[in-house]
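J.: Numbered by my numbering, the letters in the sequence shown go through residues 79 to 366 in order.
All residues carry an ideal CB built from backbone N, CA and C; glycine is no exception.
Here it is: the structure, laid out below.
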Amino acid sequence: MTSAQIAVSIVSHGQGALVRELLADLSRCTGTPLKVILTVNIPETLPFSAAGYGFDLQIVRNSVPRGFGANHNAAFPIADVPMFCVVNPDIRFQADPFPPLISALADRSVAIAAPLVRNRGGTVEDSARAFPTVRGILRKGLGGPQDLDYEVGADPFEPDWVAGMFMLFRSSTFARLGGFDERYYLYYEDVDLCARARLGGQRIVLDPRAQVLHDARRDSRRRPRHAWWHARSMLRYFLSEPFRRLGGSGLLRRTPIAYAHAQQNDSGAKEAVPDRGRDIERAQNDER
């Protein structure tokens, strides 16, 4: 089997049937050499075995459930390949999205690359967004317009942040950023990670030449527990150091050009992130 170029991290929360479809897509649609790390977060009987795919599939079973960021952080040291990709179980592939995203990451100033995400009906989803602000959240809660934050054409563009349903990193970059902040159990960990990358002077790129489908579940709208996690994570973000550095209350938003100036004028104010051991240390040296 060809040496893997990308490690794909998937977390199942009783979603074995969805994971089976995703693994079939990865096997059928991707020519990029992969390895897949599947974390089973709650007890379940998987409707497939680890054998028979065109890539190495490693299954990790948690003894206790963990949050989104903690699960992907735990998968990262197992990866040990040049690139690390976080993918949700409800993502579907019709073609290989990785080549244009790999090309985007060839630019060392790009921290994260993401595909265009469409729903089953073909509509572009809001997976690329401007950083949340207090004003924006209030406007949305009061029934304000739900338009996309960015106009999507044929060319790559640089949103403030991309949703954690699909994010591709160089492994060295993921390590340098310290991975996801595990204090976010679910929701906003993707916003936080992109904010830290931006504040570190790096860019986020969405390339529409790479496209995937999303069979959205929207649990935060249907289950009280998910709604609570969403609200708690939102509050944590609005009280965080990255949010403060991006404009304090969120009522004054900086343009992408202003990030570079903010970084120059705010040196030494980086938020501490946890040390993840020797694998991350080695990757940090590679990044430099």
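If you scan the segment 262-331 from start to end, which runs of the beta strand (DSSP E) of 3 or more residues do you find wholly inside it?
T.: Fully enclosed beta strand (DSSP E) runs of 3 or longer: 281-292.
J.: Measure from the alpha carbon of Arg-310 to the alpha carbon of each residue in Glu-267, Gly-278, Ala-275, then state which is nearest.
T.: Taking the sequence shown and counting its residues from 1, the one referred to as residue 310 is at position 232. Of the listed residues, the one whose Cα sits closest to Arg-310 is Glu-267.
J.: Taking Ile-156 as part of the beta strand (DSSP E), name the residues at either end of that continuous run.
T.: Your numbering for residue 156 matches position 78 in the sequence shown. Ile-156: not part of any beta strand (DSSP E); member of the alpha helix (DSSP H) spanning 146-157, first to last residue.
J.: Which term fits Thr-110, buried or exposed, when burial requires 16 or more other beta carbons within 10 angstroms of its beta carbon?
T.: One-based indexing of the sequence shown puts residue 110 at position 32. So Thr-110 ends up on the buried side.
J.: Give me, in chain order, the residues of the same chain whose beta-carbon lies closer than 7 Å to that of Gln-83; leave out the 5 immediate sequence neighbours on both sides.
T.: Within the sequence shown, the letter at position 5 stands for residue 83. Thr-110, Pro-111, Val-159, Pro-160, Met-161.
J.: Taking the straight line between their C-alpha atoms, what separation do you get for Phe-176 and Asp-259?
T.: Start at 1 with the first residue of the sequence shown, and residue 176 comes out as number 98. Start at 1 with the first residue of the sequence shown, and residue 259 comes out as number 181. Approximately 25 Å between the Cα atoms of the pair.
J.: Determine the burial state of Arg-106: buried for a count of at least 16 other Cβ atoms within 10 Å of its Cβ, exposed for fewer.
T.: Translated into the one-based positions of the sequence shown, residue 106 becomes position 28. Exposed.
J.: Taking the alpha carbon of Phe-321 as the reference point, which residue from Asp-134, Leu-96, Pro-210, Arg-170 has its own alpha carbon closest?
T.: Along the sequence shown, read from residue 1 onward, the residue named residue 321 stands at position 243. Considering only alpha carbons, the answer is Pro-210.
J.: Quick one: give me the first and last residue of the alpha helix (DSSP H) that Ser-181 is part of.
T.: Here residue 181 corresponds to residue number 103 of the sequence shown, with the count starting at 1. It spans 176-183 - the alpha helix (DSSP H) in which Ser-181 sits, taken as one unbroken run.
J.: Tell me which same chain residues have a C-beta within less than 7 Å of the C-beta of Arg-261, skipping the five on either side of it?
T.: What you label residue 261 is simply residue 183 of the sequence shown in a count that begins at 1. Answer for Arg-261: Arg-314, listed in chain order.
J.: Under 6 Å Cβ to Cβ from Pro-143, same chain only, skipping five residues before and after it: list those, please.
T.: Here residue 143 is taken as the residue at index 65 of the sequence shown, counted from 1. The beta carbon of Pro-143 sits closer than 6 Å to those of Asn-119, Ile-120, all from its chain and outside the five residues before and after it, given in chain order.
J.: Are Ala-275 and Ala-157 close, meaning C-beta to C-beta below 7 Å?
T.: Along the sequence shown, read from residue 1 onward, the residue named residue 275 stands at position 197. Along the sequence shown, read from residue 1 onward, the residue named residue 157 stands at position 79. No, these two residues do not count as a Cβ contact at 7 Å.
J.: Got a sec: does the ligand GDP put a non-hydrogen atom nearer than 6 Å to the Cβ of Ala-152?
T.: No copy of the ligand GDP occurs in the structure displayed, which carries no ligand at all.
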